[in-house]
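In the working numbering, the protein residues as written are 4 to 656. Backbone N, C-alpha and C define an ideal beta-carbon position, used for all residues, glycine too. These notes concern the structure reproduced below.
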Ligand code: WTA
C-alpha cells in the first residue's frame with residue numbers, strides 16, 4: 004500500500020487522526036477502557052451484545068464450551084425477525100425502518116409498522132406454500148424492499164434463507180440451490196440496469212431446468228411491471244401479500260445456535276462454500292457492532308451501499324441496523340447513473356447519518372472529482388466506513404475531507420463472510436485513526452499476526468492474520484466442528500499451539516500500538532471491488548471453453564478496483580484469438596456471472612511451468628503487477644516469460 008501511495012502522489016502513511024470531539028460527545032462507546040474491560044471479563048463480556056436483543060428464553064451461559072462446539076448464548080431462544088421488527092413497534096412503529104431508492108428514480112419507505120405487516124403476510128404465504136422450519140428458501144433478487152421482507156419472513160418462520168446475488172448466472176443459482184438442498188425460490192421478473200431491463204426470471208427458469216424442475220414453488224416479484232404470465236407452481240408476490248392481507252404469524256423461537264441463514268462464498272476450491280450463520284450469536288454480533296462501530300441509534304439513517312447478495316448487505320443493511328431500530332437505506336442503482344453525483348444527492352435527500360461503502364467506490368468518487376460532493380449538503384453525515392479491501396491512505400484522506408468535511412471519523416472495518424460481522428477496526432468514539440490501517444481488534448476479539456510457525460511477528464513484519472478465540476458471529480461450521488484446523492497445511496501458519504484458532508487467509512502486519520494493516524489474501528481468493536471470487540472457479544469456467552488448452556487465473560493490481568482478475572490462456576493450435584476472447588468472457592458470465600469476467604485476458608503459447616509441471620502462479624502474479632520476477636530457475640520453459648510480458652504490455656487496457 005505504501006507503494007500505491009507513492010505512485011499516487013506521496014502521503015505519509017504514519018499519520019494519526021483523532022476522533023473529533025463533536026463525535027465523541029455523542030458516541031455510543033466512549034469508554035477508553037472498553038478493551039481491558041472485555042479482556043478481563045471474557046467471554047462474559049459478550050453479554051453486552053446479547054443484551055441488545057430480546058430473548059424469548061434467557062440464555063444460561065454466554066459461551067457454553069471452551070472447545071467446539073461453541074454454544075454462544077447457550078440455552079437462549081429468540082427470533083431474529085421479532086428482534087428486527089416486532090419489538091420496535093412499541094417505541095417507533097411509525098419510524099421509517101426501510102427507505103428504498105430504485106434504479107428509475109422511484110422511492111418507497113416502510114415504517115416499522117408497514118414492515119411488520121408485509122413480513123407477516125409474506126411469512127403466512129410462505130408457510131402455506133409448504134415452507135417448514137429449517138427449509139432453505141433461496142432469494143434471487145436485486146436490492147428491492149421485497150428482498151428484505153422475504154429475508155425477515157424466512158427468519159420469522161425459522162426457514163434459513165440463502166440469498167444469491169442477482170448478478171450471478173443461472174448455473175451459479177442452480178449450483179447454490181442444489182448445494183443448499185433448497186426447493187423454494189423467491190425471485191423477480193427482471194430489473195433495470197442503467198435504464199434498460201435485465202430479465203432475471205429467464206435465469207431462474209434456466210436454473211430450474213438445470214435442477215430438473217426440482218423447485219416446489221417460485222414466487223416472482225413483478226419489478227418490471229409487465230404482468231408476465233406465470234407457470235405452474237409460480238406465484239406473484241403482490242397477489243400473495245394481497246391474498247394474505249392482515250395475516251399474522253407468530254415468530255418461531257429458535258435456539259441461539261440454530262441457523263438463521265446461509266450464504267455462499269468463494270473458497271479455495273472450484274466450488275462455492277455455504278457459510279451458515281447462527282441466530283443468537285450472529286444477531287448479537289451484528290447489533291453490537293452496529294452500535295459500537297457504526298454508532299447507530301434508532302433515529303439514524305444508515306446507508307450501507309453493498310448489495311444484499313453479499314455478507315456486508317446481510318449484516319449491515321438488514322440485520323444490524325434493524326436490530327438496533329435504525330432506518331436502513333437501500334439503493335438499487337449504480338453510483339454514476341444518471342449522474343456522478345447520485346450518491347451525494349441521495350445522502351442529502353435522505354439526510355443520511357452513517358455511510359458505509361467499499362474503498363473501490365471511494366477511489367472512483369475521488370477520480371470523478373470533489374465538484375460532485377461539493378454540489379450537495381452532506382452535513383447530515385456523522386460517520387463514514389469502509390469494508391472489503393484495504394483503503395490506501397490517500398483515498399482515506401480524501402473520503403475524510405471531501406465527504407466527511409474533516410469531522411466524521413472513518414472506520415476501516417476488517418471482517419469476512421465467515422466472521423459474520425466486524426472484527427478489526429477502530430472504535431470511532433475511542434480510538435485514534437491511522438489512515439491505511441484497519442486498527443486494533445474489537446474488544447473481546449483476539450486477532451494476531453503470526454509467522455509460519457504460529458509465533459507472533461515483530462511490529463512491521465509480514466505475517467498471517469489469525470483469530471485465536473471464538474466470537475459470537477462465528478459460523479456453524481466452526482461452532483460445531485471439533486479440531487477442524489488440525490490438518491496443517493504447510494503453506495499456512497501452524498496453529499497447533501493455540502487452544503483454538505482460525506486462519507483468515509489474509510496477510511497482515513501489526514504495529515507497536517497493535518494496529519493491524521491488511522495486505523490482501525494469501526490464498527487463491529481475490530476481492531475485486533469488494534466482491535469475492537475464487538480464481539479456481541474462474542479457471543474451471545475458462546478451461547471448459549472449446550479451443551482453450553489451459554488457463555490460469557491470478558489477481559493483479561487495479562487503480563480503482565484494488566485488485567483485478569487476470570486470466571492467462573493458452574489456446575489450442577487452431578483457435579482464433581479474437582473468438583476465444585469472447586468465448587472466455589461468455590463462459591465466465593455463464594458459469595458465475597458477468598461480475599467475475601476477467602479484467603485482462605492474456606494469450607500465451609504456454610503457461611510457465613516448473614519442471615514437475617506445476618503452473619508457476621507466483622510468476623503470473625509478478626507479471627500482472629509488473630514486479631520483479633525473482634528466481635525463475637525452476638522454470639521448464641523460461642522463454643515464455645518474455646512472451647507474457649510483451650503480451651501484457653500490448654494488451655488494450
Ligand atoms: C478483505 C467482506 C482489508 C479480506 C466483509 C477478507 C479487507 C475478505 C477488509 C473477505 C478491510 C475485508 N481491509 N481487507 N477493511 N475487509 N477485506 O468474505 O481479504 O466478501 O479476507 O467479506 O475481504 O471478503 P468477504
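Check, Outcome
"Three-pair Cβ contact test at 8 angstroms for the segment 549-558 versus the segment 573-580", "yes"
"Neighbourhood of residue 637 by C-beta distance below 6 angstroms, restricted to the same chain and skipping five residues each side", "613"
"Residue 266 (DSSP reduced to helix, strand or coil)", "strand"
"Beta-carbon proximity list for residue 519, same chain, < 8 angstroms, skipping 5 on both sides", "417, 427, 440, 441, 442, 443, 444, 450, 452, 468, 511, 512 and 513"
"Beta-carbon proximity of residue 84 to residue 159, cut-off 8 angstroms", "yes"
"Chain-order list of residues whose beta-carbon lies under 7 angstroms from that of residue 226 (same chain, five-residue window excluded)", "147, 191, 192, 193 and 194"
"contact_flag[the segment 407-424, the segment 371-388] where n(CB pairs < 8 angstroms) is 3 or more", "yes"
"Entirely enclosed beta strand (DSSP E) segments - the segment 331-376, minimum 3 residues", "357-360"
"Residue 223 vs residue 155 beta-carbon contact at 8 angstroms", "no"
"For residue 332, the nearest candidate out of 344, 341 and 360 (CA to CA)", "360"
"Integer-rounded CB distance, given that residue 167 should sit under 8 angstroms from residue 186", "Not confirmed; about 14 angstroms, so no contact."
"Straight-line Cα distance separating residue 594 from residue 543", "9 angstroms"
"For residue 221, the three-state DSSP class (helix, strand or coil)", "strand"
"Where residue 304 falls, given that 16 or more other Cβ within 10 Å makes a residue buried", "buried"
"Residues of its chain near residue 95, where Cβ-Cβ distance is below 7 angstroms and the 5 sequence neighbours each way are ignored", "115, 301 and 328"
"Residue 14 (DSSP reduced to helix, strand or coil)", "Because the pLDDT of residue 14 is 38, which lies under 50, any placement of that residue in the model is unreliable, and the question is left without a value."
"Option in 354, 284 and 336 with minimal Cα separation from residue 326", "284"
"Selected residue, minimal CA-CA separation from residue 203, among 214, 184 and 176", "176"
"8 angstroms Cβ cutoff met for residue 364 and residue 323", "no"
"Chain B within 8 angstroms of residue 457, Cβ atoms only", "Chain labels in this structure do not include chain B; a single protein chain is all it has."
"Cβ-based burial, residue 74 [other Cβ within 10 Å; buried from 16]", "buried"
"The segment 238-256 touching the segment 110-125, judged by at least three CB pairs closer than 8 angstroms", "yes"
"heavy atom of the ligand WTA below 7 angstroms from residue 393 C-beta", "yes"
"Beta-carbon gap between residue 161 and residue 257 smaller than 8 angstroms", "yes"
"Local Cβ density within 10 Å of residue 400, reported as buried at 16 or more and exposed below that", "buried"
"Own chain partners of residue 446 with C-beta closer than 6 angstroms, once the 5 adjacent residues on each side are dropped", "37, 38 and 41"
"Beta carbon of residue 77 nearer than 8 angstroms to that of residue 62", "yes"
"Nearest-angstrom beta carbon gap, residue 393 and residue 521 [assumed within contact, 8 angstroms]", "5 angstroms"
"Beta-carbon proximity of residue 598 to residue 534, cut-off 8 angstroms", "yes"
"Exposure of residue 111, with buried meaning 16 or more beta-carbon neighbours within 10 Å", "exposed"
"Cβ neighbours of residue 489 in the same chain (closer than 6 angstroms, five flanking residues each side left out)", "Model confidence at residue 489 stands at a pLDDT of 49, short of 50, so the residue's coordinates are unreliable; what they give is reported in the following sentence. Once the five neighbours on either side are set aside, residue 489 has no close Cβ partner at all."
"6 angstroms Cβ shell around residue 455 - same chain, five flanking residues per side excluded", "496"
"Three-way DSSP call (helix, strand, coil) for residue 120 in this model", "helix"
"Which listed residue (235, 201 and 200) has its alpha carbon closest to that of residue 216", "235"
"Contacting residues, own chain, Cβ-Cβ under 8 angstroms from residue 264 (five flanking each side not counted)", "154, 157, 158, 163, 164, 165, 166, 279, 280 and 317"
"Residues bridged to residue 659 (per DSSP)", "The structure shown has nothing for residue 659, since the chain only spans 4 to 656."
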